[in-house]
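Input: a single structure, listed below in structure tokens.
In full-length UniProt numbering, the protein residues as written are 1 to 919.
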């Protein structure tokens with residue numbers, strides 16, 4: 001190169017070092033890498049030239065190496081040299097160093113080399129949230145799973161070190177884990193509401209979210225999030241006074257001497273909502289005399305607005321509406337009875353119509369029951385007649401169809417063969433499988449893992465073979481293709497001839513071949529993370545001389561192994577009525593990779609249980625895999641459910657695997673027995689009648705009870721707790737039957753009261769008590785004379801009348817509907833017979849046993865399904881299809897007499913092997 005005017009020689013060497021290395025740390029051997037003598041560097045006054053004033057790298061001329069002179073910070077260097085956006089990170093993370101060596105001759109000769117120093121990133125920056133704290137609002141009665149808002153953090157590092165994951169830190173709100181209130185998406189930072197909030201139960205709460213990067217070890221930061229629940233107008237006002245009762249009369253008394261503004265009473269109401277939703281206003285909705293009373297709109301006070309006179313009616317009825325100020329508003333209505341009188345007897349004489357007359361109610365009940373019985377009898381009779389006619393016609397049809405008499409095969413135009421040979425053609429459904437030949441096999445599949453290929457053997461007679469693709473080298477991204485070379489420095493022997501360098505030897509040779517050095521098998525860090533390679537070079541002199549060098553080859557890891565769960569599926573049990581946030585069990589997955597690639601995070605996959613997101617049932621800890629119960633479970637509502645958990649490693653791109661988890665709810669004895677009979681009512685009399693001639697063991701009645709729990713928690717036992725005469729009755733411990741244990745005599749009291757306790761077998765046990773009234777008498781009047789204190793009150797009579805009228809209306813409606821339907825069907829069939837079958841020719845009404853009336857919709861026969869396998873030739877193998885191979889067409893001839901013609905699509909996919917069906 002001496003013919004150049006400048007007498008310069010240039011070269012380029014690239015080094016990659018981590019940031020923040022200590023001063024004096026070795027960067028690289030520049031003399032060895034450039035093939036220069038160390039003495040040449042000293043005599044030529046080699047030096048380092050940089051475009052920046054700060055020299056981070058120093059040249060040690062004694063050793064011919066580059067060392068760290070100043071601490072290098074990647075972020076500071078990128079910020080100093082490149083005040084641009086993040087898109088220029090790759091350009092600004094390189095440091096160019098020029099080394100020039102020159103002599104002192106005349107003219108001076110020199111050479112230079114440029115070093116490109118790439119700064120690799122280390123995880124020295126924790127994620128930083130965009131805000132120091134967050135505050136968000138959510139309206140109560142929200143839908144579980146609602147997205148509330150998003151927290152966001154950024155990391156100044158690069159690549160995997162800048163990948164941020166969000167984790168909800170463990171804490172509690174009113175003794176309940178915060179994970180039962182909210183959840184955080186690990187990837188996006190979106191905060192979701194796990195449950196529906198109620199402002200009246202919780203008004204606000206706070207928690208902490210941790211942002212963690214993907215470095216090793218990972219760095220993290222925290223932020224506080226406060227959630228404020230906003231009130232909705234979801235509660236109507238509640239009237240505290242006057243108390244509303246079902247049948248009793250509560251009246252306010254106003255003397256006739258009351259002046260204007262006399263305070264009659266005050267309506268007191270509250271609203272459990274807050275703010276303007278709890279502001280109440282009062283209005284007089286109805287009144288017997290609106291000119292006598294008014295209601296304060298703000299305080300609910302009822303006052304007189306004029307002087308009370310003798311002409312005013314004693315009985316006054318006011319209807320007051322209490323309304324809140326919400327949007328939309330909610331209201332409640334209260335009825336206030338007012339008596340305008342000076343004495344209590346005067347009030348009673350006027351309010352006698354508020355009580356029910358027993359005789360009137362008895363008569364009304366009798367006529368209602370009689371009407372209900374008559375209509376029910378007619379309805380049942382109608383149903384029985386219809387069923388009898390249907391059975392008669394069916395039997396007649398079987399007699400006609402199984403007769404030995406010759407039958408004219410008359411086929412009505414609206415009947416068709418439903419068992420085999422109708423007038424419509426066959427429907428052919430084809431399932432087509434295509435194969436490839438030996439010269440075309442580039443089909444693309446969307447399945448994971450393995451591929452299935454069908455190959456037709458040309459010499460065979462149609463038998464298909466299946467080849468399972470078990471393994472591909474492309475599935476191992478950390479295993480380069482065989483034959484990859486590792487370049488070593490060339491050995492030098494100063495001898496000549498046969499004494500010169502002859503050959504190289506490699507030890508060991510099971511994984512590598514020497515060509516210089518060529519790897520002849522795959523490398524897998526999980527099997528062996530390090531190789532020691534000894535290369536020996538020898539000459540052919542006598543004696544033979546040799547030298548050797550040992551290379552330590554460390555295999556760096558790539559993310560080629562997905563996490564693997566310890567079990568193929570998980571099953572766990574949880575007792576119902578659990579505390580929300582309870583730890584159920586732990587799923588565990590392991591990754592065969594190393595460092596960050598082996599860091600496993602657990603994610604709950606989105607799914608639903610009975611239409612509700614599974615995240616409202618359970619949550620999964622991203623770091624530990626611990627599964628927590630978000631809600632308290634009820635065995636009577638849900639007995640088991642399943643979901644899927646994904647284990648994802650920290651590689652880039654990440655790999656993942658899934659596992660199915662099944663949760664089974666175990667029953668607790670949390671429900672007491674429920675007594676079905678005798679029915680317990682508040683004021684009415686339900687009594688069992690026992691004649692005085694009853695003998696020992698006479699069955700009085702049977703207590704029927706159930707328990708909605710399961711197993712031994714639902715086993716019931718019965719005991720007689722109290723009785724008017726314990727020597728007369730006993731209760732079966734297993735069946736609840738009440739029987740007499742001695743002969744009934746005339747001395748036994750008519751009125752007997754038994755208290756029976758029903759107890760389950762749970763731990764601890766739960767029980768219910770039922771009272772059974774027994775009347776020991778031979779006639780009903782005798783019973784009435786003893787049970788006069790069990791009269792019907794107003795509420796009971798009102799309910800009885802209502803249900804009797806309702807039952808009468810329902811049964812009457814069913815009866816009338818049944819009659820109308822029967823008449824409509826008869827008219828319809830009569831009109832059809834005149835339109836379709838009216839003819840002058842005699843027709844034998846023979847319906848072949850294998851034909852059925854299809855009401856004019858055509859004739860349809862059996863459907864034949866064929867499975868057809870077909871192949872392609874050697875020039876076409878990539879066709880795609882999803883439809884069947886033939887088409888069916890139904891054509892009605894307008895001039896025909898109703899018989900459908902069959903057109904068979906003769907064209908088949910087998911006739912066009914090179915023309916696949918279009919999708």
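Ideal placement from N, C-alpha and C gives every residue a C-beta, glycine not left out.
Check                                                                                                                                                                                     : Outcome
Keeping to the same chain, check which residues put their C-beta closer than 6 Å to that of residue 248; ignore five residues upstream and five downstream.                               : In this predicted model, residue 248 has a pLDDT of only 44, less than 50, meaning its place in the structure is not dependable; the value taken from the coordinates is given anyway. None.
Under 8 Å, do residue 757 and residue 767 count as touching if we go by C-beta distance?                                                                                                  : yes
Less than 7 Å between the CB of residue 534 and some heavy atom of the ligand FMN, yes or no?                                                                                             : By its list of ligands, the structure shown contains no ligand whatsoever, and the ligand FMN lies outside what it can speak to.
Using beta-carbon positions only, say whether residue 675 and residue 703 come within less than 8 Å of one another.                                                                       : yes
Span of the alpha helix (DSSP H) holding residue 31?                                                                                                                                      : 30 to 34
Among 70, 46 and 269, which has the Cα closest to the Cα of residue 59?                                                                                                                   : 46
So for residue 152, helix, strand or coil by DSSP?                                                                                                                                        : coil
What residues match up with residue 613 in a beta bridge as DSSP calls it?                                                                                                                : 608
Relative to the C-alpha of residue 171, which residue among 544, 182 and 152 is closest?                                                                                                  : 182
Compute the distance between the beta-carbons of residue 593 and residue 559, then report whether it is under 8 Å.                                                                        : yes
When you compare only the Cα positions, how much space is there between residue 316 and residue 238?                                                                                      : 23 Å
Looking at the secondary structure, which residues open and close the beta strand (DSSP E) in which residue 41 lies?                                                                      : Not the beta strand (DSSP E): residue 41 falls in the alpha helix (DSSP H), residues 38 to 43.
Between the segment 11 to 18 and the segment 116 to 124, are three or more C-beta pairs nearer than 8 Å?                                                                                  : yes
So what's residue 723 in DSSP terms, helix, strand or just coil?                                                                                                                          : strand
Starting from the N-terminal side, write out each stretch of the beta strand (DSSP E) that is 3 residues or longer and does not extend beyond the UniProt domain "Cadherin" (566 to 675). : 569 to 575, 583 to 586, 600 to 604, 618 to 620, 626 to 629, 640 to 649 and 656 to 666
Relative to the C-alpha of residue 988, which candidate in 66, 743 and 770 has its C-alpha closest?                                                                                       : The structure shown does not extend to residue 988, since the chain is modelled only from 1 through 919, so no value can be given for it.
Please go through the UniProt domain "Cadherin" (690 to 787) and give each complete beta strand (DSSP E) segment of 3 or more residues, from N-terminal end onward.                       : 699 to 702, 704 to 706, 716 to 723, 729 to 731, 737 to 740, 751 to 760 and 767 to 776
State the start and end residues of the unbroken beta strand (DSSP E) segment that holds residue 253.                                                                                     : 251 to 254
Thinking C-alpha only, which one of 583, 301, 323 and 311 is nearest residue 279?                                                                                                         : 323
Go ahead and label residue 527 buried or exposed: buried means 16 or more other beta carbons lie within 10 angstroms of its beta carbon, across all protein chains shown.                 : exposed
Given 8 Å as the limit, is there contact between the segment 163 to 179 and the segment 202 to 216, that is, 3 or more CB pairs closer than that?                                         : yes
From residue 134 to residue 570, what distance separates their C-alpha atoms?                                                                                                             : 38 Å
Give the C-beta separation of residue 27 and residue 68 to the nearest angstrom, bearing in mind that I take them to be a contact with Cβ-Cβ under 8 Å.                                   : 7 Å
Taking only the alpha-carbon atoms, compute the straight-line gap between residue 139 and residue 332 and give it to the nearest angstrom.                                                : 24 Å
Any idea which residues DSSP pairs residue 295 with across the strands?                                                                                                                   : 302
Is the beta carbon of residue 111 less than 8 Å from the beta carbon of residue 150?                                                                                                      : no
Check whether the segment 709 to 719 and the segment 729 to 739 are in contact - that is, three or more C-beta pairs closer than 8 Å.                                                     : yes
For residue 227, tell me which candidate among 233, 243, 234 and 203 has the shortest Cα-Cα distance.                                                                                     : 203
Locate the beta strand (DSSP E) running through residue 210, then write down its first and last residues.                                                                                 : 204 to 213
Can the beta-carbon of residue 640 be found less than 8 Å from the beta-carbon of residue 713?                                                                                            : no
Just verifying my parser: in three-state terms, what is the DSSP assignment at residue 277?                                                                                               : helix
For residue 125, which beta-bridge partners are listed by DSSP?                                                                                                                           : In the DSSP output, where bridge partners are listed per residue, residue 125 has none listed.
Closest to residue 920 by C-alpha separation, out of 337, 815, 633 and 601, would be which residue?                                                                                       : With the chain running from 1 to 919 in the structure shown, residue 920 is simply not present.
Whole angstroms is fine: what's the gap from residue 304's alpha carbon to residue 311's?                                                                                                 : 15 Å
Does the structure place the segment 814 to 830 close enough to the segment 368 to 380 that three or more beta carbon pairs sit under 8 Å?                                                : yes
So for residue 545, helix, strand or coil by DSSP?                                                                                                                                        : coil
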